[in-house]
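A.B. asks: In terms of full-length UniProt numbering, the first sequence opens at residue 1 and continues consecutively.
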Amino acid sequence: MERVIRSNNLKKAAFLSCLNTSTATLSEAKQAHTHVIKEGLSSQTRIATKLLSIYANHQCFTDAYSLLCRIPEPDILSFASLINACSKFDRFSDALKVFVRMLGRSVFPDARILPTAIKACAGLSALELGRQVHAFGVTSGLMLDSFVESSLVHMYVKCDELNYARKVLARMSEPDVASCSALASGYAKKGDVGNANVLIREMEKQGIQPNLISWNGMISGFNQSGAFSEAIGVFKVMHSGGFKCDGVSLSCALAAVGDLEDLIVGVQIHGCVIKLGFRSDKYVVSSLLDMYGKCGCASDIIPVFEEIDHKDVGACNALIASLSRAGMVAEAVKTFKQCQEQGIELDVVSWTSLIAGCMQNGNDIEAVDLFREMQVAGIEPNYVTIPCLLTACASIAALAHGKAAHCFSLKRGFSDDLYVCSALIDMYANCGRIQAARRCFDWEPSRNLVCWNAMISGYAMHGRVKEAIDIFHLMQSSGHKPDFVSFTSVLSACSQRGLVEEGKRFFSSMSADFGIKPRMEHYACMVSLLGRTGKLEESYSLIKDMPFAPDACVWGALLSSCRVHQNTRLGKVAANALFELEPNNSGNYILLSNIYAAKGKWNEVHKVRDMMKSIGIRKNPGCSWIEVKNKVHTLLAGDSSHPQMKQILEKVNKLSMEMKMAGYLPDTKFVLQDVEELEEREHILCGHSEKLAIVFGILNTNPGTSLTVMKNLRICGDCHTSIKFISSFEEREILVRDTNRFHHFKDGMCSCEDLW
DNA sequence: ATAGGGTTAG
């Protein structure tokens, strides 16, 4: 019997000495494991603990956990090995599960395991659990350990309970650097400059020298609260105090400089990077590229990028984002492809940057295509990708893609994210689905101002002024102060419906009650509101009284109203101002010539057209889109290359015959070409792109399906009349979004009540 | 077996 025990002890010793926890590979561990079972040593606490910790360090948590459960008498080290490994790989809830199991097995925690348990609470932002562990620390006397104390300070900071963190710090007999700097960086993260500085001074008074972690924590904390100049300030103090910074300090400082667009300081920090030898630190490299990009040197950084030896994804991403931001989408796409070819594994950030770049530069279709490619490439979109895609869907009214993105975010559990939510509201509103937008709005548990504004502007776009104003008031009673965007939306709603008195009241209340100075867009809304209701003189005097020079939107609003009310005198004034501001915008010339044409002043029409010719500008081609069977189809006026064009035109002609028989007369004053022949003019009317898109929709969808069409210009009066007819003749609900608003055609009527 | 700092996308 004694011999058996002795030989077992020998085997045990042999095992313990030959397996090194930190260097053992997974296959070595598995081999050893089988051996241990064969030798009947698996119930030995030390051996099993060693094995489980190797498993855990290879992230084989289930194997490790089942090993732990099979140890008859696990000690604190058995639990600690697994808890620490879980926490190392951010598996905080697993770490806590093991911790709770440990307590259940009546193994008493010590001061070495408590910080990890507290860290897990912090990682999960589990304040209640953290408090319980804190209470345990107090009753057990383990609170006297400085590691336990500083991890508690950190936990409270992470859970946004700075007052608790402060209390813990105040009760410490000997506050240390770690605890002080954790709280200081907590204040920095809140943008609380005052308290952060007070704490630093306190530290100095008590003779506690800040270390590298303290400095870096402050810089990164200020970055997180958007206090970039404070961050740079800390960096400068650190630097001038002779404190040697590292890659962390440099990458944080560069990020701050990028957001401040301070090229001079950026170049200085670049100098530090070279001098201190951090040129190959991947974090430093990407924030360096990002900094130059944000400081307006996007094109200069391509050669810099090419010289980098080890191109990391982060560096690629910074370059792609910088190029996109600078409007160089083609270059961004090129860089993206080159990185792919070089075998760099591009990630969500890379794809999202490119999608965002396309979306921000008007390449919305490309953005939607990229989103699909991304999924084919096996990259999961996240809570940043989705709002980018949704914004692209909104501008091209790609409802099917937008809905798919909505489903995706529901499945992934980030449909409540505020960016996602406001983008959803915007997408549905822009795709003509105002009720769906409202549902997303109602579902959001913690709406922010952006959500409220998206909802108001959605209603405004649909001409639903009552709802827009209701939401505007509801927003205030829910404790949100309207900002300039809210006022733009509510004023534009008033303008859609011609509510002069309400509009005027909002306009004056904006500065009087909310201290918001009217901006250009507010004036544009007022000019359009007054103009639309025929108060052209009042509209013009508002422009003359503006405290700053009116832009093209303001003059454009006046010019449009002059067309509606056929005022040649003011129309000329507005047009002349516009010719100065944007000489190449064909729309302005066309509006003016329309005003003349409507009054039969053909001489003047010719003059305007000659002017266009002499400057060499052409009419901006009308273009409409419609989504049919998950695909966005574009239709151009007079585009003979479209495969279904013959069929479409036949149907258009058939419809106009029906229309004539029903007693509708084509409104030829909307024809832009100065064709004298009436029949010819009618023929041109047939070709307006919105009509083509609607007929395309009728031909390619089942009877009764509602159609949603988008147009890049304002809808013309003749199309408006025709579409009203088509909606009743074909028994279809038709939604048309032009540059101004939505028109909802149903049973021969339009939601704008012919006021637009 | 212990706590504390980093870049790039909306």
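We put the beta carbon where it would ideally sit given N, CA and C, even for glycine. Just so you know, these numbers come straight off a predicted model, no measurement behind them.
#1: Can you look up Ser640 in the DSSP assignment and give me helix, strand or coil?
#2: Helix, strand or coil for Thr533 per DSSP?
#3: At the level of alpha carbons, what is the spacing between Tyr156 and Leu127?
#4: For the alpha helix (DSSP H) that Lys711 lies in, which residues bound it at each end?
#5: Rounded to a whole number of angstroms, what is the C-alpha to C-alpha distance between Trp215 and Cys295?
#6: Using a 10 Å radius around the Cβ and a threshold of 16 neighbouring Cβ atoms, would you call Glu537 buried or exposed?
#7: Check for me: the alpha helix (DSSP H) holding Ile734 runs from which residue to which?
#8: Below 8 Å between beta carbons: does that hold for His270 and Leu289?
#9: How many Å lie between Ser286 and Leu183 at the Cα?
#10: For Leu655, count neighbouring C-beta atoms within 10 Å of its own C-beta (all shown protein chains included) and say buried if the count is 16 or more, exposed if not.
#11: Exposed or buried, Glu501, counting other C-beta atoms within 10 Å across all chains shown (16 or more means buried)?
#12: According to DSSP, is His633 helix, strand or coil?
#13: Go through its chain and collect everything with a Cβ distance to Asp145's Cβ below 6 Å, but skip five positions before and after it.
#14: Looking at Leu390: is its Cβ nearer than 8 Å to the Cβ of Cys431?
#15: Expressed to the nearest angstrom, what Euclidean distance is found between the alpha-carbon atoms of Gly247 and Leu276?
#16: Taking just the CA atoms, how far does Glu582 sit from Leu591?
#17: Assuming contact is defined by CB atoms lying nearer than 8 Å, are Ala332 and Gly357 in contact in what I supplied?
#18: Within a Cβ cutoff of 8 Å, which residues of the same chain sit near Met328, ignoring the five residues on either side of it in sequence?
#19: Look at the Cβ atom of His480, then the Cβ atom of Leu529, and state whether they are nearer than 8 Å.
#20: State the beta-bridge partners of Cys623 as determined by DSSP.
#21: Pull up the distance between the alpha-carbon of Leu68 and that of His406, whole angstroms please.
#22: In the DSSP output, what is Val628 paired with across the bridge?
#23: Sort Gly191, Val490, Arg447 by Cα distance to Glu467 and report the nearest one.
#24: The alpha helix (DSSP H) that contains Phe441, what's its start and end?
#25: Within the continuous beta strand (DSSP E) that includes Lys746, where are the two ends?
#26: Determine, using beta carbons only, whether Met102 and Phe136 come nearer to each other than 8 Å.
#27: Over what stretch of residues does the alpha helix (DSSP H) that includes Gln340 continue unbroken?
#28: Applying the 10 Å Cβ sphere with the 16-neighbour rule, what's the burial state of Ala549?
#29: Do you know offhand how far Arg609's Cα is from Ser586's?
#30: With distance defined between alpha-carbon atoms, name the residue in Ile232, Gly242, Met238 nearest to Ile264.
#31: Express the C-alpha separation of Asp312 and Lys282 in angstroms, rounding to a whole number.
#32: If you check the beta carbons only, do Val465 and Leu499 fall under 8 Å apart?
#33: Do you know offhand how far Ala170's Cα is from Leu212's?
#34: For Gln496, does the count of other Cβ atoms within 10 angstroms reach 16, so buried, or fall short, so exposed?
#35: Between the Cα of Arg201 and the Cα atoms of Gly622, Thr49, Cys180, which residue gives the shortest distance?
#36: How big is the Cα-Cα spacing for Val675 and Ala574?
C.D. replies: Looking at the atomic coordinates:
#1: What you label residue 640 is simply residue 640 of the first sequence in a count that begins at 1. Reduced to three states, the DSSP call for Ser640 is coil.
#2: On the first sequence, residue 533 is found 533 positions in, with the first residue counted as 1. Three-state result, Thr533: coil.
#3: The count along the first sequence starts at 1 and reaches residue 156 at position 156. The count along the first sequence starts at 1 and reaches residue 127 at position 127. Distance between the alpha carbons of Tyr156 and Leu127 is about 7 Å.
#4: If you number the first sequence from 1, residue 711 lands on position 711. Run containing Lys711: none in the alpha helix (DSSP H); it sits in the beta strand (DSSP E), 707-711.
#5: To locate residue 215, count along the first sequence from 1; it is residue 215. To locate residue 295, count along the first sequence from 1; it is residue 295. In a straight line, the C-alpha of Trp215 is about 25 Å away from that of Cys295.
#6: Indexing the first sequence from 1 puts residue 537 at position 537. It counts as exposed.
#7: In the first sequence, the residue the question calls residue 734 occupies position 734. Ile734 -> not in any alpha helix (DSSP H); beta strand (DSSP E) instead, spanning 734-737.
#8: Here residue 270 is taken as the residue at index 270 of the first sequence, counted from 1. Here residue 289 is taken as the residue at index 289 of the first sequence, counted from 1. No, Cβ-Cβ distance for His270 and Leu289 is not below 8 Å.
#9: If you number the first sequence from 1, residue 286 lands on position 286. If you number the first sequence from 1, residue 183 lands on position 183. Cα to Cα, the separation comes out at about 29 Å.
#10: Translated into the one-based positions of the first sequence, residue 655 becomes position 655. It is buried - the Cβ of Leu655 has at least 16 other Cβ atoms within 10 Å.
#11: Working through the first sequence from its first residue, we reach residue 501 at position 501. Exposed, because fewer than 16 other Cβ atoms sit within 10 Å of the Cβ of Glu501.
#12: By one-based count along the first sequence, residue 633 stands at place 633. Here His633 sits in strand by DSSP.
#13: By one-based count along the first sequence, residue 145 stands at place 145. Within the same chain, Asp145 has close Cβ partners Ala111.
#14: For this step, residue 390 is matched to residue 390 along the first sequence. For this step, residue 431 is matched to residue 431 along the first sequence. No, they are not a contact pair.
#15: The sequence position of residue 247 within the first sequence is 247, counting from 1. The sequence position of residue 276 within the first sequence is 276, counting from 1. Rounded to whole angstroms, Gly247 to Leu276 spans 9 Å at the Cα level.
#16: Working through the first sequence from its first residue, we reach residue 591 at position 591. Working through the first sequence from its first residue, we reach residue 582 at position 582. Approximately 14 Å, taken between the alpha carbons.
#17: To locate residue 332, count along the first sequence from 1; it is residue 332. To locate residue 357, count along the first sequence from 1; it is residue 357. Yes, Cβ-Cβ distance for Ala332 and Gly357 is below 8 Å.
#18: In the first sequence, the residue the question calls residue 328 occupies position 328. Once the five neighbours on either side are set aside, the close Cβ partners of Met328 are Ala298, Ser299.
#19: Here residue 480 refers to the residue found at position 480 when the first sequence is read from its first residue. Here residue 529 refers to the residue found at position 529 when the first sequence is read from its first residue. Contact flag unset, no.
#20: Here residue 623 is taken as the residue at index 623 of the first sequence, counted from 1. Note: Cys623 sits in a beta bridge opposite Leu636.
#21: Against the first sequence, residue 68 aligns to sequence position 68. Against the first sequence, residue 406 aligns to sequence position 406. So the two alpha carbons sit approximately 42 Å from each other.
#22: What you label residue 628 is simply residue 628 of the first sequence in a count that begins at 1. Lys631.
#23: For the purposes of this step, residue 467 is identified with residue 467 of the first sequence, where counting begins at 1. Looking at the Cα atoms, Val490 is the closest of the given residues.
#24: Locating residue 441 in the first sequence gives position 441, where the first residue counts as 1. 434-443 is the span of the alpha helix (DSSP H), which, as asked, contains Phe441.
#25: Looking up residue 746 in the first sequence gives position 746. Segment 742-746, the beta strand (DSSP E) holding Lys746.
#26: Within the first sequence, residue 102 is the residue found at index 102, counting from 1. Within the first sequence, residue 136 is the residue found at index 136, counting from 1. Not in contact: Met102 and Phe136 (Cβ atoms no closer than 8 Å).
#27: Counting from one through the first sequence, the residue named residue 340 turns up at place 340. Element bounds for Gln340: 329-341.
#28: Position 549 of the first sequence, counted from the first residue, corresponds to residue 549. By the 10 Å Cβ count, Ala549 comes out exposed.
#29: The sequence position of residue 609 within the first sequence is 609, counting from 1. The sequence position of residue 586 within the first sequence is 586, counting from 1. Straight-line Cα distance between these residues: approximately 10 Å.
#30: Taking the first residue of the first sequence as position 1, residue 264 is located at position 264. Of the candidates Ile232, Gly242, Met238, the one whose C-alpha sits nearest the C-alpha of Ile264 is Ile232.
#31: Here residue 282 refers to the residue found at position 282 of the first sequence. Here residue 312 refers to the residue found at position 312 of the first sequence. The alpha-carbon atoms of Lys282 and Asp312 are separated by roughly 7 Å.
#32: Position 465 of the first sequence, counted from the first residue, corresponds to residue 465. Position 499 of the first sequence, counted from the first residue, corresponds to residue 499. Yes, Cβ-Cβ distance for Val465 and Leu499 is below 8 Å.
#33: By one-based count along the first sequence, residue 170 stands at place 170. By one-based count along the first sequence, residue 212 stands at place 212. Computed Cα separation, rounded: 23 Å.
#34: Along the first sequence, read from residue 1 onward, the residue named residue 496 stands at position 496. With 16 or more Cβ atoms within 10 Å of its Cβ, Gln496 is classed as buried.
#35: Residue 201 sits at position 201 when you count from the first residue of the first sequence. Answer by Cα proximity: Cys180.
#36: By one-based count along the first sequence, residue 675 stands at place 675. By one-based count along the first sequence, residue 574 stands at place 574. Low per-residue confidence applies at Val675: pLDDT is 38, beneath 50, and the placement is therefore not dependable, though the value from the model is reported in the following sentence. C-alpha separation (whole angstroms): 26 Å.
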